[in-house]
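If you're matching positions, the first sequence starts at 876 in the numbering used here and goes up one per residue.
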Amino acid sequence: MPEYSSLEKIRLQKLDELRAEGLEPYPTRAARTHTSAQAIAEFESAEVDGREVRVTLAGRMRSSRPKGKLTFAHIEDGDGKIQLFLRVNEIGEARLEFFNKMFDLGDFIEATGVMMRTKAGEVSLQVLDFKLLAKSVTPLPADKDVTQADGSVIRYASLDDPELRARQRYADLAVNPEVRETFYKRAAIIKALRAFLDDKGFLEVETPILQPLYGGAAARPFVTHHNELEQDMYLRISFELYLKRLLVGNLEKVYEIGRDFRNEGVSFKHNPEFTQLEFYWAYADYLQVMELTEQMVSFTAQHVLGTMKIKYKENEIDLTPPWKRLEMREGIKQTSGIDIAEHKSAEELFQAIKARHPNKTPDPKATRGKLIDFLLSEFLEPTLIQPTFLYNYPRDISPLAKSIPGDALTVERFEGYVAGFELCNAFTELNDPLDQEQRFVEMGRDYAEGDDEKHPLDEDYLRAMRYGMPPNGGFGMGVDRLAMLLLDKHTIREVLLFPALRKEEFE
RNA sequence: GGGCGCGUAGCUCAAUGGCAGAGCAGUGGCCUUUUAAGCCAUUGGUUGAGAGUUCGAAUCUCUCCGCGCUCACCA
């Protein structure tokens, strides 16, 4: 049993009083005839010839201004707010007093009446009858904006503790309309991505989330257990290996939008479960994927925001294709002064970095791939504000990508960067089963050396590939990151309804 | 996991070793066209939890819990 606050006790008392009068505080059905926007639109067209517009509205009470024998109140529904106008003339003193006494901010109520316009000009509902639809026992965090004489707005008591907002997203949504807006737009983004890919002939598929082996990315997995099969299962860390099996099965263009799980740290851009988009496209290469990517992202921006020019933090960003293309080696050379091609071993590269940037030294035990990654994130990444495709990556950090013909050390891979962070990752997919097996073995060795985890070898994936996999381009993008970018949100929490938080203890 | 910071009324915040406060909301009252209105009165606290130092702790110390920032991890 919860410990009720004094405010809650008052509301519980009202619940008892309502029931004592034979009124049901949680009736089963509502009888709404119009939304607030519909009622206002209908009134505005009827107003011209003085027709009466009679409606029943339903919504949550957000404000109440009793003024003697009158009460003004606003209710909010899915379309917005609308004012209720209650007067003793229509409903009598007893009913008005009942309304003022028994109804609280946050209650869901229903009101029937005739649309009218107040002296101040606001289209309102002149209430003839009303009833409670659902009593709110816990007061919503009061959210009150007062506009000062100088035009500045003081916001009293809004809900803005980030923990409370995330933990009690229901209250956050109820009180902060801009949060609702964020999630409407997030849904629109995902819809636009689907529409784009469907239109290009991609087939949406669903592959296992519970997997006997995990793969397709380097991340620690969540482990669970299937009782009846008596085996451990993993929550997927990527879709890649399953989607590429489908290419073996002659499906030429497939995509999946779904949840990935990575048992890693949490940060402003990492949540343990996140939404991923991956597609695989037979007979295409990474250059074609690049073009499709810039089309898809700009299409989504245009669709959701009505423009390809967006703002992120202090930057104006133009997503209009074509995006800048920059060879990774060249970009690192320009920003760090180090040409990775001149330092072919980890040792040499480490010395070069140490010589050139003595106060920014990476881990001396890092592999060459990790050192390149260090240079990339330390020097190059922060400069990539306008959309940029970085392309041609070292083979040793890309075990699933295909080498450039004639250059065994470099693979056909690109990452899309916008606003200084990585948005997507794509490559011409490795489809040579023997080469793939070799890479898996190398990868297993890398992990065995230092890290607390080893990557399992996916024999079934290799078997699939041995049947023959068409050459293809593959793509992966964090949808939450895209949402952050398009909606100018600076933490992943702001675009997730229920971000991961530590378990809450209830008394 | 490491470092730094935060946790006070329903919400947002004051009080830095000396009587725990304000605004909003709540409660009671007045008000027939308000714009989350105004006026009068008023309730509300185990200061995240526990221990310690002190004549005295929201304040200083320690442990724990939760969150934030940051680093590490995350091809």
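Cβ coordinates follow ideal geometry from the N, Cα and C atoms, glycine included.
Bridge-paired residues (DSSP) for residue i
{"i": "residue 947", "result": "940 and 960"}
{"i": "residue 1301", "result": "1289 and 1350"}
{"i": "residue 1058", "result": "In the DSSP output, where bridge partners are listed per residue, residue 1058 has none listed."}
{"i": "residue 1202", "result": "1266"}
{"i": "residue 1184", "result": "1193"}
{"i": "residue 987", "result": "931 and 1004"}
{"i": "residue 1132", "result": "1152"}
{"i": "residue 1363", "result": "Paired residue(s): none; residue 1363 is not in a bridge."}
{"i": "residue 1142", "result": "1145"}
{"i": "residue 886", "result": "BP columns for residue 886 are empty, so no partner."}
{"i": "residue 1157", "result": "1347"}
{"i": "residue 952", "result": "955"}
{"i": "residue 1101", "result": "1106"}
{"i": "residue 998", "result": "992"}
Pairwise C-alpha distance: residue j and residue i
{"i": "residue 1049", "j": "residue 1281", "result": "59 angstroms"}
{"i": "residue 1373", "j": "residue 1229", "result": "43 angstroms"}
{"i": "residue 1222", "j": "residue 1249", "result": "14 angstroms"}
{"i": "residue 1089", "j": "residue 903", "result": "47 angstroms"}
{"i": "residue 1190", "j": "residue 1220", "result": "38 angstroms"}
{"i": "residue 1215", "j": "residue 1349", "result": "26 angstroms"}
{"i": "residue 1103", "j": "residue 1086", "result": "15 angstroms"}
{"i": "residue 1125", "j": "residue 1153", "result": "18 angstroms"}
{"i": "residue 1292", "j": "residue 1074", "result": "25 angstroms"}
{"i": "residue 1259", "j": "residue 912", "result": "43 angstroms"}
{"i": "residue 918", "j": "residue 997", "result": "12 angstroms"}
{"i": "residue 1170", "j": "residue 1177", "result": "10 angstroms"}
{"i": "residue 880", "j": "residue 886", "result": "10 angstroms"}
{"i": "residue 1128", "j": "residue 1156", "result": "5 angstroms"}
{"i": "residue 1360", "j": "residue 1242", "result": "31 angstroms"}
{"i": "residue 1378", "j": "residue 1352", "result": "29 angstroms"}
{"i": "residue 1271", "j": "residue 1011", "result": "59 angstroms"}
{"i": "residue 1182", "j": "residue 1173", "result": "8 angstroms"}
{"i": "residue 901", "j": "residue 1053", "result": "28 angstroms"}
{"i": "residue 984", "j": "residue 1094", "result": "49 angstroms"}
{"i": "residue 1161", "j": "residue 1046", "result": "45 angstroms"}
Short Cβ contact (7 angstroms threshold) for residue i with residue j
{"i": "residue 951", "j": "residue 934", "result": "yes"}
{"i": "residue 1149", "j": "residue 1355", "result": "yes"}
{"i": "residue 1136", "j": "residue 1097", "result": "yes"}
{"i": "residue 944", "j": "residue 963", "result": "yes"}
{"i": "residue 949", "j": "residue 942", "result": "no"}
{"i": "residue 1207", "j": "residue 1255", "result": "yes"}
{"i": "residue 1305", "j": "residue 1311", "result": "yes"}
{"i": "residue 1015", "j": "residue 981", "result": "yes"}
{"i": "residue 1034", "j": "residue 1002", "result": "no"}
{"i": "residue 1203", "j": "residue 1274", "result": "no"}
{"i": "residue 1146", "j": "residue 1375", "result": "yes"}
{"i": "residue 906", "j": "residue 931", "result": "yes"}
{"i": "residue 977", "j": "residue 884", "result": "no"}
{"i": "residue 1301", "j": "residue 1164", "result": "yes"}
DSSP three-state assignment for residue i, whether helix, strand or coil
{"i": "residue 1269", "result": "strand"}
{"i": "residue 1296", "result": "strand"}
{"i": "residue 1106", "result": "strand"}
{"i": "residue 1370", "result": "helix"}
{"i": "residue 1178", "result": "helix"}
{"i": "residue 1244", "result": "helix"}
{"i": "residue 1094", "result": "coil"}
{"i": "residue 925", "result": "coil"}
{"i": "residue 1064", "result": "helix"}
{"i": "residue 1011", "result": "coil"}
{"i": "residue 1194", "result": "coil"}
{"i": "residue 1229", "result": "helix"}
{"i": "residue 1082", "result": "coil"}
{"i": "residue 1236", "result": "coil"}
{"i": "residue 1137", "result": "coil"}
{"i": "residue 1276", "result": "strand"}
{"i": "residue 1111", "result": "coil"}
{"i": "residue 880", "result": "coil"}
{"i": "residue 1284", "result": "strand"}
{"i": "residue 1210", "result": "helix"}
{"i": "residue 1341", "result": "helix"}
{"i": "residue 1045", "result": "helix"}
Check: residue i C-beta below 6 angstroms from any heavy atom of the ligand NAP
{"i": "residue 1242", "result": "You won't find the ligand NAP in this model; it holds no ligand whatsoever."}
8 angstroms contact criterion, which residue i and residue j should meet: CB distance rounded
{"i": "residue 1083", "j": "residue 1040", "result": "With 8 angstroms as the limit, residue 1083 and residue 1040 do not qualify as a contact, their Cβ atoms being about 34 angstroms apart."}
{"i": "residue 1122", "j": "residue 1308", "result": "The Cβ separation is near 13 angstroms, so there is no contact."}
{"i": "residue 1296", "j": "residue 1265", "result": "That belief does not hold up - the Cβ atoms of residue 1296 and residue 1265 are roughly 12 angstroms apart, past 8 angstroms."}
{"i": "residue 1212", "j": "residue 1231", "result": "6 angstroms"}
{"i": "residue 1333", "j": "residue 1116", "result": "6 angstroms"}
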